[in-house]
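Note sheet for the following structure.
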Amino acid sequence: MVTRGFTGRGSGSNQADRVPPGQHLEQGFPVLSAGPTPLVDTADWKFTVKIGPKPAKVWNWNQFNALPKTKVTRDIHCVTSWSKLDTVWEGVLIEDILADAGLERPTDFVLAHCYDGYSTNVPLADLLSGKAMVALSYAGKPLPRDHGGPARLLVPHLYFWKSAKWVNALQFTTRDEAGFWELRGYHIYGDPWREQRYKND
1 MVTRGFTGRG SGSNQADRVP PGQHLEQGFP VLSAGPTPLV DTADWKFTVK IGPKPAKVWN
61 WNQFNALPKT KVTRDIHCVT SWSKLDTVWE GVLIEDILAD AGLERPTDFV LAHCYDGYST
121 NVPLADLLSG KAMVALSYAG KPLPRDHGGP ARLLVPHLYF WKSAKWVNAL QFTTRDEAGF
181 WELRGYHIYG DPWREQRYKN D
């Protein structure tokens, strides 16, 4: 099940070809977070797109859920060495968010910000062309809190720390600014197929 975008290695490939080097298959869905799980009520939830420090558009929960939805099935890969195949997500593609905000390409770099203070950097090219979304559901159900609900960034072709939980903003930056884990020695980009786990990988 793949709709708009999200091309690449997927359920049509041999299973062994879908597991990056240094990874092992995981049947469950481990819960890993940088800190405590925040309680985010959808009545108070806001999502902001910013250019530098300046907000360009803000959505509440109902407004955001009125944007076009896309459903995808993708493999995900955690830097702690587990991979999970054929995970099913539904959410709003980044290009649909930008289109609703009337933006095209303000800068080449983005920092994702979250309700728990977490952040991570992603080049804009890795968020467009159907490569990423703000996910609102997993496996046909609303996204659980411990997996980033009510909304998380999903960038499945990069290590999963880039798929920031409890996301509440995308900030366009003029340079590739390191986020939480990148400042603590993780790789600035995080390609699982090149084993870019740590700074000098």
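Just so we're aligned: 117 in full-length UniProt numbering is position 117 of the sequence shown, and the numbers increase by one with no gaps anywhere. Note that beta-carbon positions come from the ideal geometry of N, C-alpha and C, so glycine has one too.
Secondary structure remark: continuous alpha helix (DSSP H) runs of at least 4 residues inside the UniProt domain "Oxidoreductase molybdopterin-binding" (35-181), in chain order: 61-65 and 94-101. Per DSSP, the beta-bridge partners of LEU25 are SER83.
When only Cα atoms are considered, ASP116 and GLY148 end up about 10 Å apart. Residue LYS162 holds the alpha-carbon nearest to the alpha-carbon of CYS114 among LEU67, HIS77, LYS84 and LYS162.
For the pair SER81 and HIS157, the CB atoms are not nearer than the 8 Å cut-off. GLY91 and THR70 have their C-alpha atoms roughly 6 Å apart. Your pair ILE94 and MET133 checks out as a contact, with CB atoms roughly 6 Å apart and the cut at 8 Å.
For the set TRP181, ARG145 and LEU153, the Cα lying nearest the Cα of VAL31 is the one of ARG145. Only residues of its own chain outside the window of five on either side were considered, and among them LEU111, ALA112, HIS113, GLY179 and PHE180 have a CB closer than 7 Å to the CB of SER119, listed in chain order.
GLN63 counts as exposed, since fewer than 16 other beta carbons sit within 10 angstroms of its beta carbon. Leaving aside the five residues that flank PRO55 on each side, the residues in its chain whose CB is nearer than 7 Å to its CB run, in chain order, THR48. Taking a C-beta distance under 8 Å as the contact criterion, LYS57 and ALA101 qualify as a contact pair.
The alpha-carbon separation between THR174 and ARG74 amounts to approximately 30 Å.
Separation of ARG194 and ASN168 (C-alpha to C-alpha, rounded to the nearest whole angstrom) is 29 Å. Considering only ASP44, PRO68 and THR87, the residue with the shortest C-alpha distance to ASN60 is ASP44. If you check the CB distance, VAL155 and ASP126 come in under 8 Å. Under DSSP, TYR198 shares a beta bridge with TYR186.
Around the CB of GLU182, 16 or more other CB atoms lie within 10 Å, so the residue is classed as buried. A Cβ-Cβ contact shorter than 8 Å links ILE51 with PRO106.
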